[in-house]
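J.: One structure, as structure tokens, below. Some questions next.
Protein chains: 2
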Amino acid sequence: MKRDVEAVLRGLGIQPTIQRVIIACYVLSTDEHPSAEQVFAKVKGRVPVLSRATVYNTLNTFVEKGLLRELVLAEGNVVFDPNVGKHHHFIDDDSGRIHDVPWDAVKVANIDGLSDFEVRDYQVVMRGRRRKRRR
Amino acid sequence: MKRDVEAVLRGLGIQPTIQRVIIACYVLSTDEHPSAEQVFAKVKGRVPVLSRATVYNTLNTFVEKGLLRELVLAEGNVVFDPNVGKHHHFIDDDSGRIHDVPWDAVKVANIDGLSDFEVRDYQVVMRGRRRKRRR
DNA sequence: TCGTGTCTTAGAGTACGTCTAAATACTGAA
DNA sequence: TTCAGTATTTAGACGTACTCTAAGACACGA
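Chains as they are written, first to last, in our numbering: chain A, 4 to 138; chain B, 4 to 138.
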């Protein structure tokens with residue numbers, strides 16, 4: 004795991020320091036959408052010392068290099084999404100948790116028909132209740 | 004204008020104080036999507052004294068009562084939208100400005116087909132460049 | 001080994017927003 | 001009108017998320 008991550012970072016031109024590798028290991032393996040503070044809390048124990056500034060710097064670097072995507076969907080904080088492919092988002096009213104929705108699950112038509120806007124990127128943002136899994 | 008706004012506020016069960024009327028006049032007449040700080044800056048001059056807390060309280064009250072909608076789309080701050088009907092949003096890469104996109108300009112299909120989620124509300128969020136108006 | 005540039009650190013600084021306690025304004029009843 | 005109770009506003013303290021700064025640690029090539 005660590006090996007792979009190191010290679011990925013190097014491939015993006017990011018020097019794989021201990022801090023960066025550990026942060027990357029965490030954010031790339033979780034299927035949550037953690038905020039910088041959550042990352043800080045999770046990763047802090049796994050490394051001798053770690054400053055808040057490093058976490059913020061590292062996450063921002065990852066976003067710049069395309070390893071992560073930054074999402075601003077809910078109030079109060081920016082979260083990071085290891086899934087950089089095209090997909091939509093669903094936000095649970097109860098828990099506030101963000102879930103990925105596959106690109107093809109929802110169809111959007113006529114984006115190109117807008118006369119005033121040249122759309123580079125888009126997504127559907129949904130809010131509501133998560134349905135109980137039927138078994 | 005002031006008269007109308009007073010009536011609207013009263014209709015929603017909001018006591019129309021001077022501060023609230025002036026704030027409402029501003030946010031309801033702008034076609035921007037101002038943040039609380041912007042509202043504070045704009046409105047400050049028009050009333051003898053006005054505290055930051057009042058602006059935040061008032062805007063939150065307006066949202067609760069359905070006069071405004073709160074949007075969290077772009078980094079850094081919550082903005083308020085006087086257009087409470089269904090519509091989509093476009094965010095200009097260059098200026099960061101948010102533009103409304105009519106509900107019918109874009110078609111979304113299969114929202115109801117999602118098996119895991121019960122969608123209460125949704126919108127398409129687009130990013131890109133605003134096209135120069137052709138004349 | 002040395003030197004240069006990169007990275008990390010702690011803590012100060014900033015921005016946005018909420019909370020508190022006190023002062024003021026409004027309301028309805030007598 | 002007067003009064004009491006409630007609602008609203010105020011200044012400033014507080015909280016949280018995030019960025020900046022200056023100094024030290026580290027990495028790597030000559």
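The beta carbon of each residue, even a glycine, is placed where N, CA and C say it ideally should be.
All figures in this text were calculated on a predicted structure; none of them were measured in a lab.
Could you please give me the residues that DSSP links to B:Val128 through a beta bridge?
T.: As a first step, residue 128 of chain B is located in the second sequence; it is residue number 125 there, counting from the start. DSSP output for B:Val128 lists A:Gln126, B:His92 as bridge partner(s).
J.: Assess, as a yes-or-no matter, whether the region 28 to 36 of chain B is touched by the region 78 to 96 of chain B under the definition of 3 or more beta carbon pairs within less than 8 Å.
T.: yes
J.: Can you pull the chain B residues whose beta carbon is under 9 Å from the beta carbon of A:Gly131, in chain order?
T.: On the first sequence, position 128 is the one that residue 131 of chain A refers to. Near A:Gly131 (Cβ distances below 9 Å), the residues of chain B are Phe120, Glu121, Val122, Arg123, Asp124, Tyr125.
J.: Please state if the CB of B:Val46 and the CB of B:Leu53 are separated by a distance shorter than 8 Å.
T.: Here residue 53 of chain B refers to the residue found at position 50 when the second sequence is read from its first residue. Here residue 46 of chain B refers to the residue found at position 43 when the second sequence is read from its first residue. Result yes, Cβ atoms of B:Leu53 and B:Val46 sit closer than 8 Å.
J.: Give me the Cα-Cα distance between B:Ile26 and B:Glu78, rounded to the nearest whole angstrom.
T.: Here residue 26 of chain B refers to the residue found at position 23 of the second sequence. Here residue 78 of chain B refers to the residue found at position 75 of the second sequence. Looking at the two C-alpha atoms, the distance is approximately 24 Å.
J.: Is it true that the CB of B:Lys68 sits closer than 8 Å to the CB of A:Ala112?
T.: Translated into positions along the first sequence, residue 112 of chain A becomes position 109. Translated into positions along the second sequence, residue 68 of chain B becomes position 65. No, the Cβ-Cβ distance between A:Ala112 and B:Lys68 is not below 8 Å.
J.: Taking DSSP as the reference, what is the three-state secondary structure of B:Ser1?
T.: Outside the displayed span of chain B (4 to 138) sits residue 1 of chain B, for which this structure offers no information.
J.: CB A:Ala39 to CB A:Val81, shorter than 8 Å?
T.: The residue given as residue 39 of chain A occupies position 36 in the first sequence. The residue given as residue 81 of chain A occupies position 78 in the first sequence. For A:Ala39 and A:Val81, yes; Cβs fall inside 8 Å.
J.: Can you check the region 39 to 115 of chain A for any beta strand (DSSP E) of at least 3 residues that lies completely inside it and give the ranges in chain order?
T.: Counting whole runs of 3 or more residues, the region 39 to 115 of chain A contains the beta strand (DSSP E) stretches 72 to 74, 82 to 84, 90 to 95, 101 to 105, 110 to 112.
J.: How about B:Leu71 and A:Ala108: do their beta carbons lie closer than 8 Å?
T.: Taking the first residue of the second sequence as position 1, residue 71 of chain B is located at position 68. Taking the first residue of the first sequence as position 1, residue 108 of chain A is located at position 105. Contact: no.
J.: Report the rounded CA-to-CA distance for B:Val66 versus B:Met4, giving the unit in angstroms.
T.: Here residue 66 of chain B is taken as the residue at index 63 of the second sequence, counted from 1. Here residue 4 of chain B is taken as the residue at index 1 of the second sequence, counted from 1. So the alpha carbons of these two residues sit roughly 20 Å apart.
J.: Quick check on A:Thr61: buried or exposed, where buried means 16 or more other Cβ atoms within 10 Å of its Cβ?
T.: Here residue 61 of chain A refers to the residue found at position 58 when the first sequence is read from its first residue. Buried.
J.: Taking all protein chains shown into account, do 16 or more other C-beta atoms lie within 10 angstroms of the C-beta of A:Arg134, making it buried, or fewer, making it exposed?
T.: Indexing the first sequence from 1 puts residue 134 of chain A at position 131. By the neighbour-count rule (16 or more Cβ atoms within 10 Å), A:Arg134 is not buried but exposed.
J.: Tell me, to the nearest whole angstrom, how far the beta carbon of A:Val127 is from that of B:Val127; I am working on the premise that it is less than 8 Å.
T.: Within the first sequence, numbered from 1, the residue matching residue 127 of chain A stands at position 124. Within the second sequence, numbered from 1, the residue matching residue 127 of chain B stands at position 124. Yes, A:Val127 and B:Val127 are in contact; Cβ-Cβ is about 5 Å, under 8 Å.
J.: Which partner residues of A:Arg133 appear in the DSSP bridge assignment?
T.: Here residue 133 of chain A refers to the residue found at position 130 when the first sequence is read from its first residue. Paired residues: B:Phe120.
J.: Strictly under 8 Å for the Cβ-Cβ distance: is A:Glu78 near chain B by that measure?
T.: Position 75 of the first sequence, counted from the first residue, corresponds to residue 78 of chain A. Output row for A:Glu78: interface = yes.
J.: Within the 8 Å Cβ cut-off, does A:Asn113 reach chain B?
T.: Here residue 113 of chain A refers to the residue found at position 110 of the first sequence. So yes, A:Asn113 belongs to the interface.
J.: Only counting the same chain, and skipping five residues up and downstream in sequence, which positions put a Cβ closer than 8 Å to that of B:Leu15?
T.: Translated into positions along the second sequence, residue 15 of chain B becomes position 12. Cβ neighbours of B:Leu15 beyond the five flanking positions: Lys68, Gly69, Leu70.
J.: CA-CA distance, A:Gln18 and A:Val11?
T.: Sequence index remark: in the first sequence, residue 18 of chain A carries index 15 (1-based). Sequence index remark: in the first sequence, residue 11 of chain A carries index 8 (1-based). Their Cα atoms are separated by approximately 10 Å.
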